[in-house]
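There are 2 protein chains.
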Amino acid sequence: MIDLDLEADLAAGFPAALEELKRFCRIPSVSTDPAYRSGIADAAAWVAARLRQAGFPQVETIATGGHPLVLAEWHATPGAPTILVYGHYDVQPPDPIANWTSPPFDPVVRADRLYARGVSDDKGPLLIPILVAEAMSRRRGRLPVNLVVLIEGEEESGSPHFEPAVAALKPRLACDLAVSADGAMWRPDLPSVTVASRGLVALDVVLTGAAKDLHSGRHGGSAPNPLQALVRLLATLHDHEGRVAVPGFHDGVRPPDPAILAAIRQADFDPAAYYAGIGAVPPVPMPDGDALLVRQWLEPTLEFNGIAGGYAGPGTKTVIPATAQAKITCRLVAGQVPAAVLDAVRRHLAAHAPSGFRLEMPGHGSGTPAFALDPGLPGLAATEAVLAEVLGQAPLRVAMGATVPIGGVLERQLGVPTVFFSFSTSDEDYHAPNEFFRLENFRRGLVAWARLLDRLVDLPRKREP
Amino acid sequence: MIDLDLEADLAAGFPAALEELKRFCRIPSVSTDPAYRSGIADAAAWVAARLRQAGFPQVETIATGGHPLVLAEWHATPGAPTILVYGHYDVQPPDPIANWTSPPFDPVVRADRLYARGVSDDKGPLLIPILVAEAMSRRRGRLPVNLVVLIEGEEESGSPHFEPAVAALKPRLACDLAVSADGAMWRPDLPSVTVASRGLVALDVVLTGAAKDLHSGRHGGSAPNPLQALVRLLATLHDHEGRVAVPGFHDGVRPPDPAILAAIRQADFDPAAYYAGIGAVPPVPMPDGDALLVRQWLEPTLEFNGIAGGYAGPGTKTVIPATAQAKITCRLVAGQVPAAVLDAVRRHLAAHAPSGFRLEMPGHGSGTPAFALDPGLPGLAATEAVLAEVLGQAPLRVAMGATVPIGGVLERQLGVPTVFFSFSTSDEDYHAPNEFFRLENFRRGLVAWARLLDRLVDLPRKREP
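Going line by line, the protein sequences match chains E and A. FYI, in my numbering the residues of the first sequence are 324 to 788. FYI, in my numbering the residues of the second sequence are 324 to 788.
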């Protein structure tokens with residue numbers, strides 16, 4: 324059921340599609356920083372307009388407690404399955420901006436890659452199904468399935484308003500399967516589908532000593548130094564092997580899925596190549612490759628994402644700062660409860676905080692549990708079949724260290740599973756300077772989404788439309 | 324030998340002196356940050372011009388490897404002692420600028436205090452002897468002593484070029500006593516002279532993991548996190564009581580001077596008032612006041628002045644940064660050798676650094692040893708007598724936690740002792756936002772410097788002029 328005419332249309336339209344993606348990437352839609360508020364509004368409006376232009380008869384920008392959702396509905400094929408397509412229009416902060424070769428919001432093609440903040444995560448991947456729906460509608464006058472497209476604007480800040488919004492929109496989001504255009508493919512050389520991902524909770528640790536910055540000569544030895552206290556406090560969170568040492572943190576952790584362990588053995592993960600790839604000196608002794616991948620996919624973490632306090636400029640400043648802070652995120656595995664993990668970390672920090680300091684531990688949302696897909700899911704089989712065709716090789720079923728909160732949300736709220744069908748690749752620096760998207764995968768993604776939607780016509784119906 | 328006419332002139336000239344100090348403080352002469360290079364040049368030129376205007380017949384701006392020195396000479400009184408006056412025109416960085424009530428380089432008087440970066444450390448205090456020399460010359464046509472004024476521009480960055488410059492200028496700096504206009508008085512309510520100060524060495528610690536920032540979801544658990552490594556490494560530098568735990572750090576430390584211990588007992592230092600004064604929650608149990616002051620004045624420290632790495636903005640950013648860094652300064656006491664302390668800290672850090680990271684430890688100059696004055700020094704007796712007159716109470720001999728490198732430099736290079744005669748007070752936030760200088764002390768300082776110069780006519784001559 325391959326529509327070669329449609330695929331020719333998509334190929335012919337590619338130069339225009341690339342220009343559109345550049346326009347989308349010029350909008351600085353950083354969700355986590357209030358300074359980019361107008362970029363968020365512009366990106367939501369851009370997505371809504373693009374969906375209307377593609378032919379979606381019903382497109383709406385929906386206010387949440389935070390950044391708006393864009394919801395588009397196209398129920399034009401009675402009796403066919405309904406597919407919910409997920410993506411997000413928000414992007415990571417561009418810092419450190421000085422490390423970008425070209426400006427983060429000025430997209431540039433170099434060596435068949437488009438460089439821009441958000442191009443791989445998730446503006447390129449989410450644009451693909453919209454372009455495919457438009458092409459299908461133009462050539463055939465109809466879509467093979469009913470589509471509900473839901474694009475959020477807070478994925479990069481932990482989707483704090485997504486679940487309540489989905490709950491409120493339940494009837495309009497009813498569907499047979501969710502397909503996420505977010506969630507990168509693992510390796511450029513190895514087709515894969517992601518069947519599990521880690522969860523996430525986030526909190527800050529803020530220690531305050533004096534009410535103002537003090538001279539470290541006059542006060543050193545007598546005044547509380549919150550940097551010194553923070554260092555000592557944070558060092559209690561891991562043991563000497565780097566494992567999380569917080570009582571209660573691992574409560575409920577389930578053993579890893581044997582299917583994923585089998586994929587790990589098959590993947591032949593090379594630790595030396597991994598460290599070379601990220602440009603790091605390998606540790607001594609070199610870890611076993613399988614064990615390293617288990618740590619990356621299947622074990623929880625407690626990671627410091629930022630520490631700040633005092634003077635960080637050139638030269639020296641003999642200051643004892645009033646305040647020091649750290650930003651922490653924890654990746655969770657199946658069985659861990661986000662609220663319980665947050666509680667455990669806060670209890671540990673409070674128990675180990677020294678006297679003479681004020682401790683604050685503000686959180687960022689309620690967190691996301693880990694996600695795991697039913698191995699027998701028909702929608703999963705469909706995505707695997709399409710990837711085998713388009714990429715020429717049967718994909719591995721892999722886990723993902725990163726967090727895509729929507730799997731759990733759509734399962735809980737709509738009772739549907741989510742398959743991940745993104746054409747970004749996890750080496751595309753999407754949380755670092757010089758984020759890029761491979762144009763080869765942009766082209767392949769258009770073909771693959773077209774074939775997937777055609778194939779999903781045969782999806783067993785979960786519920787009445 | 325009090326010249327009431329001269330003191331009347333100084334009082335009459337005070338409003339103009341205040342305006343001049345404001346002009347001086349408008350020049351942003353931050354020595355530690357290259358962004359302020361033109362402020363440094365402007366401040367040096369301002370000081371040189373002001374010395375010429377005061378009547379100094381020979382004024383020169385002298386290039387060093389770093390920021391220039393200003394040297395003024397007035398050898399107009401054959402047979403009289405020669406006094407070298409020291410000060411510095413550079414200032415601390417103004418960060419965090421947001422915490423200033425009025426802009427740091429826009430001087431404002433509030434409640435008989437002048438607020439500006441550098442007003443207390445050291446622009447106000449160094450302007451005083453220049454104004455006094457000018458007033459003496461105008462009223463009497465001569466100075467009581469010969470004056471050499473040496474104003475440097477790198478005090479706030481550890482004076483890296485000061486000692487070689489003094490060595491090169493030896494013949495022109497020959498003198499009988501050095502008097503420093505830098506080095507604050509201890510407490511506003513208790514006259515004191517400083518007879519000892521701690522030394523200083525500075526270094527940075529930079530840990531690098533991967534070559535670029537990484538996504539903490541994809542890489543968390545497998546990629547090296549330099550923040551986690553830095554926290555663990557820095558935590559080894561102190562023991563559980565907060566004492567420095569670096570082998571070799573305390574080598575050579577001499578027991579505290581009994582005279583200063585006696586002053587500490589006499590000072591009746593109140594720990595509860597100290598913590599209240601800096602706005603900190605006191606530790607439990609409350610430390611003994613004398614012990615706290617011993618720690619502040621007479622014990623060495625290893626202080627973190629800044630830690631930076633990763634994301635520090637609003638919200639969250641799920642990043643594993645490539646690099647994390649800390650800025651460290653150590654205060655030294657009598658007997659510690661700066662180079663040996665730096666070596667000990669570097670050896671300790673290198674020994675405890677985990678594998679899988681690149682460790683760099685750039686230094687900032689060669690450091691400054693601690694300083695201690697001969698208790699029987701005639702110049703010290705002269706300053707004490709003047710302070711007793713002007714402040715109405717015999718001053719205590721105290722130590723200082725902070726570092727004034729010049730004492731050691733002038734001792735080594737010129738063979739002269741340095742007495743500290745500054746009219747700033749150590750609570751004037753001179754390394755923090757909202758630095759101020761008490762105008763009352765500006766007025767008193769003018770009188771006191773006039774009386775001191777007159778009194779130093781009788782100083783025993785150390786060498787031929």
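Here a beta-carbon is modelled for each residue, glycine too, at the ideal position from N, C-alpha and C.
**Request:** Could you tell me whether the Cβ of E:S745 comes closer than 7 Å to any Cβ of chain B?
**Result:** Protein chains in the displayed structure are E and A, and chain B is not among them.
Taking only beta-carbon positions, decide if E:E475 is within less than 7 Å of chain A. no
**Prompt:** So E:C348 is in the alpha helix (DSSP H); what residue range does that whole segment cover?
**Reply:** 337-348
- State the Cα-Cα distance for the pair E:F680 and A:Q376, rounded to the nearest angstrom. 51 Å
**Asked** Are A:L526 and A:A552 touching if we call contact CB-CB under 7 Å?
**Response** no
Residue-level contact to chain A via CB, E:D562, 7 Å cutoff
no
* Asked: Which value, in whole angstroms, describes the spacing of the CA atoms of E:I363 and E:V370?
  -> 11 Å
Problem - Contact set between E:K535 and chain A, taken where Cβ atoms lie within less than 9 Å - result: N422, I601, G602, D752, A755, P756, N757
Next on the checklist: Can you list, in chain order, the residues of its chain with a C-beta nearer than 8 Å to that of A:A434? Leave out the 5 residues immediately preceding and following it.
Outcome noted: none
Legend entry - Chain-ordered chain A contacts of E:S361 [CB-CB under 7 Å]: Residues of chain A passing the Cβ test: none, with the nearest at roughly 16 Å.
- Find out if the Cβ-Cβ distance for the pair E:A501, E:L407 is shorter than 7 Å. yes
What in chain A is Cβ-close to E:R618, meaning under 9 Å?
G543, G544, S545
- Task: Could you tell me the distance, in whole angstroms, from the CA atom of A:E787 to the CA atom of A:A717?
- Result: Any reading at A:E787 is ruled out, since the residue's pLDDT is 49, under 50, leaving its predicted position unreliable.
Less than 8 Å between C-beta atoms, sequence neighbours within five positions excluded: which residues of the same chain meet that for E:I612?
The amino acid at residue 612 of chain E is misidentified as Ile; the sequence shows Gly. For E:G612, where only same-chain residues beyond five positions count, the Cβ hits under 8 Å are D591, F592, D593, P594, Y597.
Query raised in the report: Going along chain A in order, which residues have a C-beta closer than 8 Å to the C-beta of E:F760?
Result: Here the premise fails: no neighbours, minimum Cβ distance about 15 Å.
Own chain, CB closer than 8 Å to A:A711, minus 5 neighbours either side, in chain order: P514, A717, P718
Exercise. Please check the pair E:H484 and E:D445, which I expect to be a contact at CB under 8 Å, by giving their CB distance rounded to whole angstroms.
Key: The pair is not a contact, with the Cβ atoms about 17 Å apart (cut-off 8 Å).
* Asked: Ordered along the chain, which non-local residues of its own chain (more than five positions away) have a Cβ less than 6 Å from that of A:P487?
  -> none
- Query: Any C-beta of chain A sitting closer than 7 Å to the C-beta of E:V382?
  - Reply: no
Checklist entry - Hey, does E:E342 have any beta-carbon neighbour from chain A nearer than 7 Å? => result no
- Quick one: does E:V642 have its CB under 7 Å from some CB of chain A? yes
**Message:** Quick check on DSSP: helix, strand or coil for E:Y412?
**Reply:** coil
Whole angstroms are fine: how far does the CA of E:A667 sit from the CA of E:M684? 12 Å
Min CB distance E:E789 to chain A below 7 Å | Residue coverage of chain E in this structure runs from 324 to 788, which leaves residue 789 of chain E outside it and unanswerable.
Just checking: is the beta-carbon of E:S678 within a distance shorter than 7 Å of some beta-carbon in chain A? yes
Quick check on E:L550: does DSSP put it in helix, strand or coil?
helix
- Task: Return the first residue and the last residue of the beta strand (DSSP E) that A:G688 is part of.
- Result: Counting along the chain, A:G688 falls outside any beta strand (DSSP E), and DSSP gives it neither H nor E.
Self-check item: Contacting residues, own chain, Cβ-Cβ under 6 Å from A:V524 (five flanking each side not counted)
Solution: C653, P661, V664, L665, G690
Could you say which of E:A439, E:P419, E:S460, E:E475 lies nearest to E:A366 if we only look at CA atoms?
E:E475
**Study point:** Listed by chain order, chain A residues near E:K650 by CB distance under 8 Å
**Key:** G633, Y634, A635, T639, K640
### Message
Applying the 10 Å Cβ sphere with the 16-neighbour rule, what's the burial state of E:T517?
### Response
buried
**Asked** So, does the CB of E:T691 fall closer than 7 Å to a CB anywhere in chain A?
**Response** no
Going along chain A in order, which residues have a C-beta closer than 7 Å to the C-beta of E:V607?
S678
Rounded separation between E:Y409 and E:A676 - CA only: 42 Å
Just to confirm before moving on: does the CB-CB distance between E:L550 and A:I630 stay below 7 Å?
yes
Subject >> Whole-number beta carbon distance between A:G389 and A:V414, since they are thought to touch under 8 Å >> reply: In fact, because the Cβ distance is near 15 Å, the residues do not count as touching under 8 Å.
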